[in-house]
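Participant:
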Amino acid sequence: MREFRYEKAADPAGAVALLAGAPEGAYLGGGTNLVDLMRLGVATPDVLVDVRTLTSDLVEELPDGGLRIGAAVPNADLAADLRVRQRFPLLAQALLAGASGQLRNRATTGGNLLQRTRCTYFTDVTQPCNKRAPGSGCGAVTGLHRNHAVLGATDEGPGSPHTCVATHPSDLAVALRALDAEVRVLGPGGERTVPMADLHRLPGEDPSRDTTLAHGELITAIDVPGLPWAVRSRYRKVRDRASYAFALVSVAAAMDLDGSTVRDVRIALGGMAHAPWRATVAEDALRGGPATEEAFAAAAEAELAAARPLPDNAFKVPMATSTLVRTLLQISAEARA
Amino acid sequence: MDQQITLQVDGARSALTVDTRTSLLDALRERLGTTSAKKGCDHGQCGACTVLLDGRRVNSCLVLAVTAEDAEVTTSDGLAADGPHALHEAFVDHDAYQCGYCTPGQITSAAGVLAEAAQGWPSAVTEDLAAERTELTDAEIRERMSGNLCRCAAYANIVPAVAEVAAAQGVRA
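Just so you know, the protein sequences line up as chains A and B, in that order. Adding 128 to a residue's 1-based position in the first sequence gives its number in my numbering. Adding 40 to a residue's 1-based position in the second sequence gives its number in my numbering.
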């Protein structure tokens, strides 16, 4: 591990100032991903600015029935918050579907969104990876890619500096994407708000950047807008083990039914892309139509028409389709009960 | 780069100088001689290094020692300060180990599970997320202990050991 200086600040602005003066520095939250990446030699900060307890660790009410989640709220505490469990079940379910009890106790809400891909070429410094070592190529696209992206990836061949088929590993981010959450950020130039839609990016021609945040920008809170019908929402995760494994495919969904008609619906997919994938094609297909298994399947297939799977992850396309259908069926059954 | 810190471990305070790269696990084992927590994977995947940090279970391999300065660290040994903890006795009674390497992490993790259940925390297998009371069924114990691996596969005995203490503490019928 590279040597680093450990710094603490009195407040968020102080932390931002410290990192503004450290171009190779990084913020340290719970450290559950960053410390591991440093040990692997993947992350090599020369300064760590400890922000784990610097931002708010409270979940506060917003006037519209939504919640403001302090960036320092541990994942475990957020999942246990009764308001989250009652108003936004998909959010609690997503958190509880991720990692282990030990990790959820330490990992923060802000840090969860900024965790890096678990692509084995990214975490192995002896392998080519455009995300870790820009321009070195992509080992996964012609190698081990069973867990990798089928939507929105860049595949120009293993030698291209643009190729990246990594997925974003966060479950929480998928639920927040479905809920149209907004991320509050403090940077050297002041505060700004970044919609979840704009936080994570697709690899495009620069796989090295996971998010649109600039160096030194600090997540201070996440606003989840009120959505009364999210009381009927679900996060469904499919993985190789029953517990403590990353998603092969996951679905975050909320649905508002008027009798047997879909009045409104929110769907995001996890494990499928470089960013949480909002299923707008499926949403548009469903809105105003019947809440039937046939309609759910047609919408899922329409969304997945854009999939470009690799040889070993083509299974994700039917898996995502059927997981989405089961999730919507579950929500509609609960609505009728 | 070296930094002076004070750690509070199992009720005793120690001042030491550590390289900032030192994990809490290495500080405990290599610097303080507290070898209760074990190093398995050193990547937060196996749970053998689990300790209680201010009463909450964490992977000590992923905690930098410099960040634990203001916290109270409790290892499995520390739970036995006044004689064996109920979990220690239940693990013996149920033969909940074979080689024993993962056991201190299993014990501290189970202590965390019991505390979380007492606060009504749900898990991924909790049917009614809105329920304020937690019932530690076998399925709940398996899910909540999934961050602790046992290569001897003593799981079949770990679950009833934890269940026995959960029942005694009122978080299991």
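For each residue, glycine too, the CB sits at the ideal point set by N, CA and C.
Locate the alpha helix (DSSP H) running through B:LEU47, then write down its first and last residues.
Facilitator: Translated into positions along the second sequence, residue 47 of chain B becomes position 7. Run containing B:LEU47: none in the alpha helix (DSSP H); it sits in the beta strand (DSSP E), 42-49.
Participant: Using 8 Å as the cut-off, can you tell me whether the stretch 133-143 of chain A makes contact with the stretch 202-222 of chain A, which would need three or more C-beta pairs spanning the two stretches below that distance?
Facilitator: Touching, no.
Participant: Report buried or exposed for A:ASP351, applying the criterion of at least 16 other Cβ atoms within 10 angstroms of its Cβ.
Facilitator: Counting from one through the first sequence, the residue named residue 351 of chain A turns up at place 223. Buried, because 16 or more other Cβ atoms sit within 10 Å of the Cβ of A:ASP351.
Participant: Would A:TYR155 and A:ASP185 be called neighbours here (beta carbons separated by less than 9 Å)?
Facilitator: Residue mapping note: residue 155 of chain A aligns to position 27 of the first sequence, counting from 1. Residue mapping note: residue 185 of chain A aligns to position 57 of the first sequence, counting from 1. No, they are not a contact pair.
Participant: Would you mind working out which of A:ASP384, A:PRO439 and A:ASP440 sits nearest A:LEU414, comparing C-alpha positions?
Facilitator: Against the first sequence, residue 414 of chain A aligns to sequence position 286. The residue with the shortest Cα to Cα distance from A:LEU414 is A:ASP384.
Participant: Considering only residues of the stretch 273-328 of chain A, which uninterrupted alpha helix (DSSP H) runs meet the minimum length of 4 residues and lie entirely inside it, listed in chain order?
Facilitator: 300-306 and 324-327
Participant: Is the Cβ-Cβ distance between A:PRO286 and A:GLY263 less than 9 Å?
Facilitator: As a working note, residue 286 of chain A is residue 158 in the first sequence. As a working note, residue 263 of chain A is residue 135 in the first sequence. Going by C-beta atoms, A:PRO286 is not nearer than 9 Å to A:GLY263.
Participant: Please check the pair B:SER186 and A:TYR372, which I expect to be a contact at CB under 8 Å, by giving their CB distance rounded to whole angstroms.
Facilitator: The residue labelled residue 186 of chain B in the question sits at position 146 within the second sequence. The residue labelled residue 372 of chain A in the question sits at position 244 within the first sequence. The C-beta distance from B:SER186 to A:TYR372 rounds to 4 Å, short enough to fall under 8 Å.
Participant: Using a Cβ cut-off of 9 Å (strictly closer), state whether A:ALA154 contacts chain E.
Facilitator: The structure shown contains no chain E; its protein chains are A and B.
Participant: Give me the DSSP bridge partner(s) of A:SER361.
Facilitator: Taking the first residue of the first sequence as 1, we reach residue 361 of chain A at position 233. BP columns for A:SER361 point to A:ALA382.
Participant: What three-state label does DSSP hand A:ALA463 in the structure shown?
Facilitator: Residue numbering aside, residue 463 of chain A sits at position 335 when the first sequence is read from its first letter. A:ALA463: helix per DSSP, three-state reduction.
Participant: Can A:ALA235 and A:GLY158 be called in contact, C-beta distance under 9 Å?
Facilitator: One-based indexing of the first sequence puts residue 235 of chain A at position 107. One-based indexing of the first sequence puts residue 158 of chain A at position 30. Yes, they are a contact pair.
Participant: When burial is assigned at 16 or more other CB atoms within 10 Å of the CB, is A:SER388 buried or exposed?
Facilitator: In the first sequence, counting from the first residue as 1, residue 388 of chain A sits at position 260. Per the 10 Å Cβ criterion, exposed.
Participant: Name the DSSP beta bridge partners of B:ALA121, please?
Facilitator: Walking along the second sequence from the start, residue 121 of chain B turns up at place 81. Bridge partners of B:ALA121: B:GLY123.
Participant: Grab me the residues of A:LEU341's own chain with a C-beta within less than 6 Å of its C-beta, minus the 5 sequence neighbours each way, in chain order.
Facilitator: Looking up residue 341 of chain A in the first sequence gives position 213. Nothing meets the Cβ criterion.
Participant: Listed from N- to C-terminal order along the chain, which residues in the stretch 391-423 of chain A have their beta-carbon within a distance smaller than 7 Å of any beta-carbon of chain B?
Facilitator: Listed by position, the residues of the stretch 391-423 of chain A near chain B (Cβ gap below 7 Å) amount to none.
Participant: For B:CYS142, count neighbouring C-beta atoms within 10 Å of its own C-beta (all shown protein chains included) and say buried if the count is 16 or more, exposed if not.
Facilitator: The residue given as residue 142 of chain B occupies position 102 in the second sequence. Counting Cβ neighbours within 10 Å, B:CYS142 comes out buried, since at least 16 surround it.
Participant: Excluding five sequence neighbours on each side, which residues of the same chain lie with their C-beta closer than 6 Å to the C-beta of A:SER336?
Facilitator: Position 208 of the first sequence, counted from the start, is the residue given in the question as residue 336 of chain A. The answer, listed in chain order, is LYS259 and PRO262.
Participant: Could you say if the stretch 82-102 of chain B and the stretch 445-452 of chain A meet the contact criterion of at least three C-beta pairs nearer than 8 Å?
Facilitator: no
Participant: When you compare each of B:CYS86, B:LEU169, B:VAL103 and B:HIS83 to B:LEU92 by their alpha carbons, which one comes out closest?
Facilitator: Here residue 92 of chain B is taken as the residue at index 52 of the second sequence, counted from 1. That would be B:VAL103, whose Cα lies nearest to the Cα of B:LEU92.
Participant: Please give the ranges of any beta strand (DSSP E) in the stretch 76-102 of chain B, keeping only runs that are unbroken, at least 3 residues long and fully inside the region.
Facilitator: 90-93 and 96-99
Participant: Distance cutoff 9 Å, beta carbons only. Does B:THR90 sit that close to anything in chain A?
Facilitator: Residue numbering aside, residue 90 of chain B sits at position 50 when the second sequence is read from its first letter. True, the Cβ-Cβ gap to chain A drops below 9 Å.
Participant: Among A:ARG312, A:LEU304 and A:ALA150, which residue has its Cα nearest to the Cα of A:THR321?
Facilitator: Stepping through the first sequence from its first residue, residue 321 of chain A is reached at position 193. The residue with the shortest Cα to Cα distance from A:THR321 is A:ARG312.
Participant: By the 10 Å Cβ neighbour count, where 16 or more other Cβ atoms means buried, how is B:HIS125 classified, buried or exposed?
Facilitator: For the purposes of this step, residue 125 of chain B is identified with residue 85 of the second sequence, where counting begins at 1. Classified as buried, B:HIS125 has 16 or more neighbouring CB atoms from the shown chains inside 10 Å of its CB.
Participant: Which of the residues in the stretch 147-175 of chain B, read from start to end, lie with their CB under 8 Å from any CB of chain A?
Facilitator: SER149, GLY152, VAL153, GLU156, GLN159, GLY160, TRP161, PRO162, SER163, ALA164, THR166, LEU169, ALA170 and GLU172
Participant: Residues of chain A with CB under 8 Å from B:ASN197, in chain order?
Facilitator: Within the second sequence, the letter at position 157 stands for residue 197 of chain B. Per Cβ cutoff of 8 Å: no residues; B:ASN197 is ~19 Å from chain A at best.
Participant: Return yes when the C-beta of B:THR143 is under 8 Å from any heavy atom of the ligand ZN, and no when it is not.
Facilitator: Within the structure as shown, the ligand ZN is missing, as the structure has no ligands at all.
Participant: Report yes or no: do three or more beta-carbon pairs, one from the stretch 128-137 of chain B and one from the stretch 191-199 of chain B, lie closer than 8 Å?
Facilitator: The stretch 128-137 of chain B vs the stretch 191-199 of chain B: in contact.
Participant: Under 8 Å between beta-carbons, which chain B residues line up against A:TYR372? List them in chain order, please.
Facilitator: Indexing the first sequence from 1 puts residue 372 of chain A at position 244. By Cβ distance, chain B contributes SER186 and GLY187.
Participant: DSSP beta-bridge partners for A:THR389?
Facilitator: Numbered from its first residue, the first sequence carries residue 389 of chain A at position 261. DSSP lists A:ASP386 and A:PRO418 as the beta-bridge partner residues of A:THR389.
Participant: What in chain B is Cβ-close to A:GLY159, meaning under 8 Å?
Facilitator: If you number the first sequence from 1, residue 159 of chain A lands on position 31. Chain B residues near A:GLY159: LEU102, VAL103, LEU104 and THR107.
Participant: For A:PRO202, which beta-bridge partners are listed by DSSP?
Facilitator: Counting from 1 along the first sequence, the entry for residue 202 of chain A is found at position 74. A:PRO202 has A:THR236 as its beta-bridge partners, per DSSP.
Participant: By the 10 Å Cβ neighbour count, where 16 or more other Cβ atoms means buried, how is A:HIS343 classified, buried or exposed?
Facilitator: For the purposes of this step, residue 343 of chain A is identified with residue 215 of the first sequence, where counting begins at 1. A:HIS343 is exposed by the Cβ-count criterion.
Participant: Ignore the nearest five residues each way along the sequence and tell me which others in B:ASN188's own chain have a CB closer than 7 Å to its CB.
Facilitator: Counting from one through the second sequence, the residue named residue 188 of chain B turns up at place 148. Same-chain partners within the cutoff: GLY87, THR90, CYS142, GLY145, GLN146 and SER149.
Participant: Please name the residues in the stretch 228-242 of chain A whose beta-carbon is closer than 8 Å to at least one beta-carbon of chain B, in chain order.
Facilitator: SER228, GLY229, GLN230, LEU231, ASN233 and ARG234
Participant: Taking Cβ-Cβ distances shorter than 8 Å, what residues in chain B pair up with A:ARG180?
Facilitator: The count along the first sequence starts at 1 and reaches residue 180 of chain A at position 52. What A:ARG180 touches in chain B: THR107.
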